[in-house]
Structure formats: C-alpha cells, structure tokens
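For the sequence shown, our numbering gives the first residue as 2, with consecutive numbering after it.
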Amino acid sequence: MNHNYVEVKYPAIFRDEGTYWDVRFPDVPAAQTFGASVQVAADNAANALAIALFEQSLPPASDPQYWRLASTEFVVWITMADVQFGPGADTPEPMN
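As structure tokens, this is what we get:
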C-alpha cells in the first residue's frame, strides 16, 4: 500500500463560551470540537481535524491575518506531524 505521511497545519478559531472553549476550523467545517480548557480544546481540535480529514483531499489552509474575530475569539494553528492520510490508512494518530 502507498501511504502518504504529511504535516498538517490549519488555523482554528477558539471562542470562550464561558464554561468551555468552542473550536472550529473555517477550512475544515467538519472539524468542530470543544474543551473545558484551552489545552483540552487544542488536544480535541487535533483529533477532530485528523478525523475530519481522514481519507479526504487536504484543502488549502487560509491565512487568518484578515479574519474578523470577536473579542472572545483567538486563532491557534493546530499542527499534526507524520500523520498518515489516504486510502488504506489506519485510524489517524495525530501527534501534537
């Protein structure tokens, strides 16, 4: 089998919802998650991204420089290195 190992990096918008942090990826709408803290949300974001992109074509990453964010939002680049994608790949194993 031919597997593709790549580094995957996408900007995520973290939003403070008061009791949890909401995370969404504008470039990968299917990768949405949350966490009780920023760290938990970031860990969950890497997993959500891996699952959403599994066996999919990788969309280009946007430049968040021009995004308009609410005062309760900020951008974090979520990076996964040595991730295996493509047909025949095993369950994604993100590495933060």
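Built from N, CA and C at the ideal position, the CB exists for glycine as well.
Query raised in the report: What separation, rounded to the nearest whole angstrom, lies between the Cα atoms of Phe55 and Thr73?
Result: 30 Å
Requested in this report: Could you check which residue in Arg69, Ala51 and Gln57 has the C-alpha nearest to that of Ile79?
Outcome: Ala51
Query raised in the report: Should the stretch 11–25 be called in touch with the stretch 61–68, which here means at least 3 C-beta pairs below 8 Å?
Result: yes
Query - 7 Å CB neighbourhood of Ala31 in its chain, flanking five on each side removed - result: Ala53
Query - Rounded separation between Phe35 and Ala49 - CA only - result: 10 Å
**Report entry** Backbone secondary structure at Gln57 - three-state DSSP
**Finding:** DSSP places Gln57 in coil when its eight states are reduced to three.
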